[in-house]
Each structure stands twice: as C-alpha cells, then as structure tokens.
Amino acid sequence: MNALIVGQGLAGTLLAYELIAKGITVTIVDRVDPLTSTKVAAGIILPVTGRRMVKTHLADQIIPYAVSHYRKLESLTEAVFFHEMPILEIFSSSKNRNDWYARSAENDLSGYAGAIKSKADIGECIRNDYGGIELLQSGYLDTNMFLEKMKWWLQQKCTVIADSFSLDDLKTVGNNMQWNETSYDKVVFCNGYHAATSNFFRYLPFIPAKGEIIDFAAPELPETHIINNGHFILPLGNGQFKAGATYSWTDLNTISTESALLELETALQKTISCPYKVTAQKAAVRPTVKDRRPLLGFHPVMKNIGIFNGLGTKGVMQGPYYASQMANLIADEKAVDDEVSVKRFESLFL
Ligand SMILES: Cc1cc2nc3c(=O)[nH]c(=O)nc-3n(C[C@H](O)[C@H](O)[C@H](O)COP(=O)(O)OP(=O)(O)OC[C@H]3O[C@@H](n4cnc5c(N)ncnc54)[C@H](O)[C@@H]3O)c2cc1C
C-alpha cells in the first residue's frame with residue numbers, strides 16, 4: 002500500500018512515522034508555510050485545566066503514551082525535543098486555594114497534583130498572594146526542533162516534497178487517486194485549519210482559533226516551572242521564555258496584532274514583577290473542532306480520501322495516541338474511537 006500525506010505539521014509527521022513503521026510507502030507534500038500551528042505552538046502538555054480543576058480527557062492513557070512516544074522519536078533522531086517540567090498553577094484567591102486543597106486530595110488527581118506552595122516558596126519575581134500548586138506529568142515539546150529532526154528522519158524513510166498541494170491536480174484513476182503522475186491507495190489530509198475550507202472536509206464543524214504568543218527575555222525569572230494562571234509562561238533556558246496564548250475566532254491569518262501584544266503583556270505584568278523584554282511575537286491558527294475532539298477517518302463517499310486533523314489546543318498530548326489509531330485504520334481497517342471518528346458528523350455531509 003502507498004499513501005500520500007498532505008501537510009507535515011504535528012499531525013502529518015506523527016502519522017507518517019506510524020505508517021512507515023507499518024511498512025506502508027509514504028509520500029509527504031508540505032508547502033513549508035513559515036507560520037503554522039505546530040511551528041508557533043508552545044507545545045505544552047497540561048494534564049489538569051487550571052481554572053476548572055478538571056483532568057484532561059483520557060489523560061491517564063494519552064499522556065504516558067505521548068511521553069514514551071516522543072522519547073522513542075528522540076532516540077531515532079538522536080535529539081532532545083521533549084522536556085518534562087512541572088506546572089505551577091497560581092491560586093487566584095483564598096477560595097481558589099481552598100478548592101485546590103480539597104480537589105488535589107481526590108483520587109483522580111493522584112499522580113498529577115503535587116506540592117502546595119506558599120507565597121514565600123514561590124518567591125519575589127512571580128506575583129502571587131495565595132500561593133500555588135505544582136501539577137505533575139506535564140512538560141513541553143520543542144515543536145520546531147521536533148519538526149526539523151523528524152523531517153530529516155522522514156527524508157531518509159520516505160519521499161518528502163516541498164510543494165503546495167492543489168485539489169485540481171488530484172484525479173481518480175480506477176480505485177486509486179493519482180497526483181503528480183503517481184497513483185496512491187490513500188490520500189490523507191493533515192493540512193491543519195486549511196481543511197476547514199478544502200473541498201473534501203469542509204462539511205466538518207471546524208471552529209479554527211487564531212492564537213498569538215510572545216517570546217521574551219527575563220534573566221531574573223526562575224526557570225523551574227511552567228507558570229499558569231489562565232495565561233502561561235514557558236521557560237526555554239538561558240533567561241528566554243514564551244508567554245501566551247490568545248484566542249480569536251475572527252481574522253484567521255498569521256498576522257501578529259497590537260491587541261494580542263497588549264493582552265499578553267498585561268497578563269505578563271500581572272504575573273511577574275521582574276524586568277523583561279519582548280523579543281518576538283507570532284500568530285497561527287489552531288485546527289479546533291466544535292466538540293473539541295480530533296477528526297480521524299475517511300470521507301463518506303471518497304473512501305480513499307482520509308483526514309487526521311482537529312488536534313486543537315492539545316495536539317502535543319493527543320497527537321501520538323490518535324496517530325496510532327489513524328494508522329491502524331489505514332493499514333488494518335481497525336475502527337478508531339467513536340468520539341474521534343469523522344463518522345460522528347456524517348449527518349452534516351448528507
Ligand atoms: C499560539 C498557539 C499555541 C499553542 N500551544 C499549544 C500547546 O501549548 N500545546 C499543544 O498541545 N498545542 C498547542 N497548540 C496547538 C497545536 O499547535 C496544534 O494542535 C497542532 O500543532 C496542529 O498540528 P497540525 O499538523 O494539525 O496543523 P499544522 O501545524 O497547521 O500543520 C499543517 C501543515 O499542512 C501544511 N499545508 C496546509 N495546506 C497545504 C497544502 N495545500 N499543500 C501542502 N501543505 C499544506 C502547512 O504548511 C503545515 O505544515 C497551539 C497553537 C497555537 C496557534
């Protein structure tokens with residue numbers, strides 16, 4: 002069997018690896034956009050959503066799966082791109098602190114809720130009146146290094162074409178699809194939020210969300226934790242940090258805005274008291290879906306046209322687990338979980 006994957010972001014990269022591991026001949030076409038969701042992402046794995054104190058759906062399965070998968074890919078590429086790092090969730094009020102005390106003792110947060118920190122423990126540079134709690138089994142993927150190293154690996158294992166894919170060049174020939182004079186058993190779209198406007202899958206309820214982040218330097222800010230208080234601060238080493246992120250459902254483009262810079266700097270100043278200097282600002286569009294679940298499967302009519310998409314705000318955490326399911330569907334026709342199957346939206350197509 003051979004497969005064409007359109008897009009080499011997080012989704013396309015993870016799926017290509019899985020298909021190659023199953024012995025499938027893979028071709029990837031990616032147009033190397035400079036600002037994609039994967040390239041701009043902070044790449045954080047957040048096991049418990051801070052404000053609502055809710056554990057991420059399927060966290061017990063998908064987080065260990067993701068961490069061991071990234072470790073495996075690191076050893077293949079002789080690189081280090083996944084970094085385990087605890088989150089420091091800052092309490093917003095004394096009620097919030099009391100709620101966290103109670104919540105952290107509940108069974109389902111065992112292994113995720115760490116030490117409660119006092120104001121004094123947290124120190125001067127991070128503004129807090131009520132302390133915070135450490136959240137464990139978290140960390141971040143250096144998404145740019147991941148893409149770069151995996152591209153190097155993929156180039157040795159399959160064909161990687163730097164080009165813009167157009168549906169006009171795709172033809173049905175017998176039971177197969179033909180593109181660029183080559184016939185493919187399967188074509189799988191991993192083209193991020195662009196799938197929302199492409200012909201085959203635009204019936205799916207994408208609600209793409211533009212997000213902006215800033216890079217900043219702050220030599221005095223501690224680098225031991227990812228800080229979260231609704232916005233995040235991610236330490237990258239050597240006094241460099243990322244902060245984000247904004248959400249906007251309009252102006253779906255990769256242009257950085259003054260309003261996002263203002264929002265992010267206001268949040269930063271509420272969180273830290275030490276000097277900082279913004280060094281960059283970036284924007285991209287997340288491929289998010291109405292019910293916040295990924296999209297896996299094949300087109301209702303075009304049975305060899307597939308999609309692996311909708312990784313939304315949690316791509317790093319759920320990508321490896323669902324890439325494996327998508328590969329099983331392609332190679333062995335093994336059904337994916339109902340809650341992520343595109344079949345759940347078939348009525349929208351009909
Ligand atoms: C500001 C921001 C912060 C984020 N933070 C986090 C976070 O902390 N943790 C987390 O888990 N997730 C985060 N995300 C979400 C995460 O980035 C996504 O879940 C994930 O990266 C989506 O990957 P993807 O491969 O589906 O899409 P993309 O990364 O957008 O990849 C799509 C690829 O398809 C290519 N492509 C598109 N059209 C064509 C075409 N016609 N021909 C050829 N190639 C094409 C593009 O060039 C691109 O390479 C964040 C996103 C943003 C924007």
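The sequence shown: position 80 = 81 (the numbering used here), numbered continuously.
Virtual Cβ for every residue (Gly too), placed ideally from N, Cα, C.
Computed from a predicted model, the values in this text were never measured in an experiment.
Item                                                                                                                                                                                      : Value
Could you check the C-alpha separation between N329 and E107 for me, to the nearest Å?                                                                                                    : 35 Å
Look at the Cβ atom of L142, then the Cβ atom of G44, and state whether they are nearer than 8 Å.                                                                                         : yes
Leaving out the 5 sequence neighbours to the left and right, which residues in its chain are closer than 6 Å to V33 when beta-carbon positions are compared?                              : A163
Note down, in chain order, each residue of its chain lying with its Cβ closer than 6 Å to the Cβ of A17, except the 5 sequence neighbours on either side.                                 : I6, V27, I29, L155
Return yes when at least one heavy atom of ligand 1 lies under 7 Å from the C-beta of L5, else no.                                                                                        : no
Identify, in the order they occur along the chain, each residue of the same chain with its Cβ nearer than 8 Å to the Cβ of S105, setting aside the five sequence neighbours on each side. : A114, I117, I134
Rounded to a whole number of angstroms, what is the C-alpha to C-alpha distance between L296 and K120?                                                                                    : 43 Å
Quick check: what's the CA-CA separation for S260 versus Q270?                                                                                                                            : 15 Å
Considering just the uninterrupted stretch of the beta strand (DSSP E) at I91, what are its terminal residues?                                                                            : 88-91
Tell me, please, which residues DSSP counts as bridged to L142.                                                                                                                           : F83
Pop quiz: K158 and I21 are said to be a contact at Cβ under 8 Å. What is the actual Cβ separation, rounded to whole angstroms?                                                            : 5 Å
Report back the beta-carbon spacing between Q241 and S257 to the nearest angstrom; my notes put them in contact at under 8 Å.                                                             : About 18 Å; that fails the 8 Å criterion.
Checking 8 Å against the spacing of the C-beta atoms, do L15 and A324 come in under that value?                                                                                           : yes
Heavy atom of ligand 1 less than 7 Å from the Cβ of P288, yes or no?                                                                                                                      : yes
If I'm right that S101 touches M54 with Cβ under 8 Å, what's the distance once you round it to whole angstroms?                                                                           : At residue 101 the sequence reads Trp, which differs from the Ser that was named. That belief holds up - the Cβ atoms of W101 and M54 are roughly 7 Å apart, short of 8 Å.
Flag this pair as yes or no: are the beta carbons of C191 and G8 separated by less than 8 Å?                                                                                              : yes
In three-state terms, what does DSSP make of Q241?                                                                                                                                        : strand
Would you mind sorting P288 into buried or exposed? The rule is 16 or more other CB atoms within 10 Å of its CB.                                                                          : buried
Are there three or more Cβ pairs, one per stretch, closer than 8 Å when the segment 245-253 is compared with the segment 202-217?                                                         : yes
Check whether the Cβ of L11 lies closer than 7 Å to any heavy atom of ligand 1, and answer yes or no.                                                                                     : yes
Quick one: is the Cβ of I45 within less than 7 Å of any heavy atom of ligand 1?                                                                                                           : yes
Closer than 8 Å is the cut-off here; do at least three beta carbon pairs connect the segment 338-345 with the segment 68-76?                                                              : no
Given this structure, state the Cα-to-Cα distance separating P321 from G193, to the nearest angstrom.                                                                                     : 16 Å
Runs of 3 residues minimum, wholly inside the segment 183-245: which ones carry the beta strand (DSSP E) assignment?                                                                      : 183-185, 187-190, 210-218, 227-229, 233-238, 241-245
Thinking T144 and T39 are a contact (beta carbons under 8 Å), I'd like their distance in whole angstroms, please.                                                                         : 5 Å
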